[in-house]
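Residue numbers (the working numbering): 124 to 567.
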């Protein structure tokens, strides 16, 4: 195992700034390996460099801008070859020409196929008003198929054998054709073509072959050796604790585990081998797609947060729902993930508010709740109880020390720290990697 290991986990519904933090930590601690241990192509992590270059990392670790840093996609990550190559092309246009040679893939990773992506989108459309808010990239469908029809599941190790790839793609197509007959009416012309014509299989075969040639597909033993031989590793979580399939707002969740403990099952690393767990949270709350959101702001203030924070999905471009910070959500996430420190992002977005509410409890049917209720009915009917904090109306541009923040901004951070019982080590006040205030280094 690496001599130093740091894990990054999103504490809310994703989109909290994991990319910026991973990029910083990789450079600060001279990490040699970034491990993505859950999620797939739907999990976009943004990194903006001081020279203006910007990339949304989805199937590469967010430390890839640092020369020589490798990415390991562990067994519970999912890959989509077309999107992966598109991402590599974008990285190349930004001057990173060796991203594919630095990409290592556990042979047990699931590979998402075109019929699964189509099935994912058709099922979502078929739900109508009860839609879950899926990204439509086939992640949930692929995971479900691996459980119910493991014989059809295409895995990275299969890509070494073209005959297996062709058979599994053809069998998956037949399986989806049969299972989607009731939903064909909501399919687009292009989706109908893929389901009716198997010609796309030849193109997919070429992409799979290219993936084998240009990346590194590893046996479990080789993946373990890569981890062991890396001096410092950063485990980059995807999405967020409130989207965890077991600890999130079910059924409005993803199809994997997003809590800190997922690194043990996803990578095969004993929990005590991870030196630090850094939780990431915005200074307010956002959510993409459907699902309960007690502090959501409908109207001018929510729109203002969305505009000031540029709250649009990194992968889909969908507008994010916005609301005030919810301490019950964060307490729940801290409890199930066992954090050692926090990183608070987008504090600068709150700089124009004269008063900033923080949710300290819920009111439900006359009862006051001070802990997060893992019950959908309660969450959907809960009304937030707020404590009003003084805002600050001065810009945070150029601030590099915690002591130089406005008094009200420092009080806001300290209130969060006290409520959660976890130190806030890092504060982001802008998208650039340089716009990060360090109070304590997470590995110090």
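Beta carbons: idealized from backbone N, C-alpha and C, even for Gly.
Would you say residue 485 and residue 445 are within 9 Å of each other, going by their C-beta atoms? Stepping through the chain shown from its first residue, residue 485 is reached at position 362. Stepping through the chain shown from its first residue, residue 445 is reached at position 322. Not in contact: residue 485 and residue 445 (Cβ atoms no closer than 9 Å).
Spatial distance of residue 186 from residue 127 (CA atoms): Position 63 of the chain shown holds residue 186. Position 4 of the chain shown holds residue 127. Going by the C-alpha atoms only, they are around 16 Å apart.
Can you tell me which of 427, 359, 375, 358 puts its alpha carbon nearest to the alpha carbon of residue 366? Here residue 366 is taken as the residue at index 243 of the chain shown, counted from 1. Nearest C-alpha to residue 366: 375.
CA-CA distance, residue 168 and residue 488? Here residue 168 corresponds to residue number 45 of the chain shown, with the count starting at 1. Here residue 488 corresponds to residue number 365 of the chain shown, with the count starting at 1. One alpha carbon belongs to residue 168, the other to residue 488, and they sit about 39 Å apart.
For residue 306 versus residue 350, is the C-beta spacing smaller than 9 Å? What you label residue 306 is simply residue 183 of the chain shown in a count that begins at 1. What you label residue 350 is simply residue 227 of the chain shown in a count that begins at 1. Judged by their CB atoms, residue 306 and residue 350 are not nearer to each other than the 9 Å cut-off.
With DSSP collapsed to three states, give me the class of residue 568. Lying outside 124 to 567, the shown extent of the chain, residue 568 is not represented and no answer is given.
N- and C-terminal bounds of the beta strand (DSSP E) containing residue 487: On the chain shown, residue 487 is found 364 positions in, with the first residue counted as 1. Run containing residue 487: 478-487, per the beta strand (DSSP E) assignment.
Taking the DSSP output, what are the residues bridged to residue 129? Here residue 129 is taken as the residue at index 6 of the chain shown, counted from 1. Residue 129 pairs with 357, 399.
Residues bridged to residue 490 (per DSSP): The residue given as residue 490 occupies position 367 in the chain shown. For residue 490, DSSP records a beta bridge to 487.
Between which two residues does the beta strand (DSSP E) harbouring residue 408 extend? Here residue 408 corresponds to residue number 285 of the chain shown, with the count starting at 1. If you look at residue 408, you'll find it in the beta strand (DSSP E) that goes 408-410.
Within 10 angstroms of the Cβ of residue 218, are there 16 or more other Cβ atoms? Answer buried if so, exposed if not. Walking along the chain shown from the start, residue 218 turns up at place 95. Residue 218 comes out exposed.
When you compare only the Cα positions, how much space is there between residue 228 and residue 197? Residue mapping note: residue 228 aligns to position 105 of the chain shown, counting from 1. Residue mapping note: residue 197 aligns to position 74 of the chain shown, counting from 1. Pairing residue 228 with residue 197, the inter-Cα distance amounts to about 7 Å.
If you run the structure through DSSP and keep just helix, strand and coil, what is residue 555? To locate residue 555, count along the chain shown from 1; it is residue 432. Note: residue 555 maps to strand in three-state DSSP.
Does residue 259 pass the burial test, meaning 16 or more other C-beta atoms within 10 Å, or should it be called exposed? Position 136 of the chain shown, counting from 1, holds the residue named residue 259. When all chains shown are included, residue 259 counts as buried.
Give me the Cα-Cα distance between residue 309 and residue 369, rounded to the nearest whole angstrom. Position 186 of the chain shown, counted from the start, is the residue given in the question as residue 309. Position 246 of the chain shown, counted from the start, is the residue given in the question as residue 369. When rounded, the distance between both Cα atoms is 31 Å.
Can at least three beta-carbon pairs, one atom from the region 275-292 and one from the region 231-248, be found at a separation below 8 Å? Output reads yes: the region 231-248 touches the region 275-292.
What residue does the beta strand (DSSP E) around residue 195 start on, and which one ends it? On the chain shown, position 72 is the one that residue 195 refers to. In this chain, the beta strand (DSSP E) harbouring residue 195 covers 193-196.
Kindly identify the DSSP beta-bridge partner or partners of residue 339. As a position in the chain shown, residue 339 is number 216, starting the count at 1. According to DSSP, residue pairing for residue 339 in a beta bridge involves 227.
Touching by the beta-carbon criterion (3+ pairs, under 8 Å), the region 395-415 and the region 249-257: Yes, the region 395-415 touches the region 249-257.
Using 9 Å as the threshold, is the C-beta distance between residue 189 and residue 133 below it? If you number the chain shown from 1, residue 189 lands on position 66. If you number the chain shown from 1, residue 133 lands on position 10. No, the pair does not count as a contact, with Cβ atoms beyond the cut-off.
C-alpha distance - residue 503 paired with residue 268, whole-angstrom precision: Against the chain shown, residue 503 aligns to sequence position 380. Against the chain shown, residue 268 aligns to sequence position 145. Spanning the two alpha carbons is a distance of roughly 30 Å.
How would you write the range of the beta strand (DSSP E) that residue 235 sits in, first residue to last? Here the question's residue 235 lines up with position 112 in the chain shown. Where residue 235 is concerned, there is no enclosing beta strand (DSSP E), because DSSP gives it neither an H nor an E.
Range of the contiguous beta strand (DSSP E) that encloses residue 506: Here residue 506 refers to the residue found at position 383 when the chain shown is read from its first residue. Residue 506: member of the beta strand (DSSP E) spanning 506-513, first to last residue.
Quick one: residues in its chain with C-beta nearer than 8 Å to the C-beta of residue 192, no 5 flanking neighbours on either side, listed in chain order? Walking along the chain shown from the start, residue 192 turns up at place 69. If you ignore the 5 residues before and after residue 192, its C-beta comes within less than 8 Å of the C-beta of 149, 154, 155, 156, 157, 184, 186, 225, all in its own chain and listed in chain order.
Can a CB atom of chain C be found closer than 9 Å to the CB of residue 271? Here there is only one protein chain, and chain C is not present.
Residue 549 versus residue 529: straight-line alpha-carbon distance, rounded: Within the chain shown, residue 549 is the residue found at index 426, counting from 1. Within the chain shown, residue 529 is the residue found at index 406, counting from 1. Going by the C-alpha atoms only, they are around 16 Å apart.
With distances taken between CB atoms, is the gap from residue 337 to residue 464 smaller than 9 Å? Numbered from its first residue, the chain shown carries residue 337 at position 214. Numbered from its first residue, the chain shown carries residue 464 at position 341. No; because the gap between Cβ atoms is not below 9 Å, this pair is not in contact.
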